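Heads up: the sequence shown at position 192 corresponds to 181 in the working numbering, and the numbers run straight through without jumps.
Glycine included, each C-beta is placed from N, C-alpha and C at the ideal position.
Quantities reported herein were computed from a predicted structural model and do not represent experimental measurements.
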Amino acid sequence: MASGGKGVKFGRSGSSKISGSADKPASGKGMFGRAGSSITLGQAAARSGSAGARPRGASESPGMMGLDEYPKMTASQSAVMFASESTPAQNQPRVKSKSKREELRTQKMEKVINDITGDNYFLGTGEHGSKKMAASKSYKKTVVIKMPVVIASPYGKLWSVDVIALYHNALKKELQDMYGIVEAMYKFQINLGFEDIERFYTWWEVFEGFIIDYFDIEEHVLFPYISERVPLGNTKLSKTERTTLKGRMTRTLREIDDMEDSFMNRPPGEMLPRFVEFLDQFSPRLLGYFHLEETIVPNVLQRNFEVQDRGRIQSRVFDFLKNRKYASETLVLQSRWLNAEHLKIWKAETLKGTARVSYNMWRMKLEKTHQMIVHEFKQRAVEDELEALQA
């Protein structure tokens, strides 16, 4: 492996919430690098890095549609969805209006999508019908948490499976953490406060950014690499099919983002059941997409490529990420679930230059921020239960 001297830039510049929701000052937790700055890996090893705001699901690569670029509901449709829960304007001091710059950017992205799709992006997706919108007006006040069955994909036995299982298992681990947080919130639902919601969304921003980074890796590295030898146009993983599936998922991500404003203007415990319904929509879609990939990609790789291609793909992933903001965070998230043996192989195939010596520092920082939030919620639930028993 080449040990190139170029460093990985990291630190994500500040931007607005997806679909024009209000920005909130960053808490500074779970973030690597200073907002609006680019720091090389060598510099990162010499200093700890300041906290900065992380835009939700932003795609820095011009060739890939980021979360903002996927189709979303219009303002009028969103109004229908939340009409039954609307409150007077004077009771919504936390909601900020979208800036002119954001509105212009959104309009440009919508125009690009309409030019490509003929304004029929949701055609056939089953997600945009009036019946669904009408049904969304009513929500149950109590919701049973539908923790999905999350089974790790086999790793380390077949190289062609490893190529995608690396990311799938990483995201499945994040899903498990997410439901751990939600389960904890339900245990102290009555005492759930605005600070708890803000803490969750600090965790959520990292998770959501990782999902979008994975989608970008697929579109710029994995699928182009496969298509060099095997066209995927006649499979269920064609460009059109992938765009439709990811459009559904990213739409739900935007809805979860938008729920933050609802939390800030209603008692958080009252909004929790609706919030969980959105999570329960998203998780099966993501896991279903993983299952689809696992039935197609390993077979294609095994028949048309060789074991060395796993390392080549990972090397390309590093090259793709190294100039992106939050590259260090994405590299840690995709690998932190690996055991010691597999992690050693992953480092040899993936990391280059100063990234090899900086990785442990990145990992410790992520453990003290992103992963610590999960532990905080679980500990809070235990403490509340003990207080209830002593009362």
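Query	Result
Select from Arg240, Ala316, Thr232, His331 the residue whose C-alpha is nearest the C-alpha of Trp148.	His331
Select from Met167, Pro143, Leu242 the residue whose C-alpha is nearest the C-alpha of Pro287.	Pro143
DSSP on Thr339, reduced to helix/strand/coil?	helix
Are the CB atoms of Phe252 and Ile179 within a distance shorter than 7 Å?	no
Excluding the 5 residues preceding and the 5 following Val429 in the sequence, name in chain order all residues of the same chain whose CB lies nearer than 8 Å to its CB.	Any question about residue 429 goes unanswered here, given that the chain covers just -10 to 380.
Could you say which of Ile201, Phe212, Glu259 lies nearest to Arg240 if we only look at CA atoms?	Ile201
With 16 other CB atoms within 10 Å as the buried threshold, where does Val321 fall?	buried
Give me the Cα-Cα distance between Met122 and Ala154, rounded to the nearest whole angstrom.	The predicted position of Met122 is uncertain, since its pLDDT is 33 and thus under 50; a value taken from the coordinates is nonetheless stated next. So the two alpha carbons sit approximately 35 Å from each other.
Just to confirm before moving on: does the CB-CB distance between Glu356 and Gln303 stay below 7 Å?	no
At a cut of 8 Å, does the stretch 206 to 222 reach the stretch 242 to 249 through at least three beta carbon pairs?	no
Going by the CB atoms, is the gap between Ile362 and Trp192 shorter than 7 Å?	yes
Kindly indicate which three-state DSSP category Tyr144 falls into: helix, strand or coil?	coil
Taking three-plus beta-carbon pairs below 8 Å as touching, is the stretch 165 to 176 in contact with the stretch 337 to 351?	no
Identify, in the order they occur along the chain, each residue of the same chain with its Cβ nearer than 6 Å to the Cβ of Pro256, setting aside the five sequence neighbours on each side.	none
Are there 16 or more other CB atoms within 10 angstroms of the CB of Ser216, so buried, or fewer, so exposed?	exposed
How would you write the range of the alpha helix (DSSP H) that His209 sits in, first residue to last?	Per DSSP, His209 belongs to no alpha helix (DSSP H) and is neither H nor E.
According to DSSP, is Trp326 helix, strand or coil?	coil
Who are the near neighbours of Phe366 in its chain, counting only those whose CB is closer than 6 Å to its CB and skipping five residues on each side?	Ile170, Ala173
Does the separation of the CB atoms of Arg274 and Arg237 fall below 7 Å?	yes
In whole angstroms, what separates the C-alpha of Leu226 from that of Phe204?	13 Å
I need the DSSP call for Ser277, collapsed to helix, strand or coil.	Looking at the sequence itself, residue 277 is Gly, so the reference to Ser does not match. The answer is helix: DSSP assigns Gly277 an H, G or I state.
So, Ser324 versus Trp351, is the Cβ gap smaller than 7 Å?	no
State yes or no: is the C-beta of Ile285 within less than 7 Å of the C-beta of Thr224?	yes
Is it right to say Val219 is buried, meaning 16 or more other beta carbons lie within 10 angstroms of its own, or is it exposed?	exposed
Give a yes or no on whether the C-beta atoms belonging to Phe177 and Asp373 are separated by under 7 Å.	yes
Asp298 to Gly145, Cα distance in whole Å?	15 Å
Based on Cα-Cα distance, which residue from Asn328, Arg369, Val371, Phe307 lies nearest to Arg345?	Phe307
With a threshold of 16 other CB atoms inside 10 Å of the CB of Phe183, please say whether the residue is buried or exposed.	exposed
Check whether the Cβ atoms of Phe267 and Glu283 sit closer than 7 Å, and answer yes or no.	no
Is Pro287 close to the ligand SAH? I mean its beta-carbon at under 6 Å from any heavy atom of the ligand.	Within the structure as shown, the ligand SAH is missing, as the structure has no ligands at all.
Measure the beta-carbon distance from Tyr156 to Arg305 and round it to whole angstroms, keeping in mind my assumption that it falls under 8 Å.	Not a contact, Cβ separation roughly 14 Å.
According to DSSP, is Pro257 part of a helix, a strand, or is it coil?	helix
Val363 by DSSP, collapsed to three states: which one?	helix
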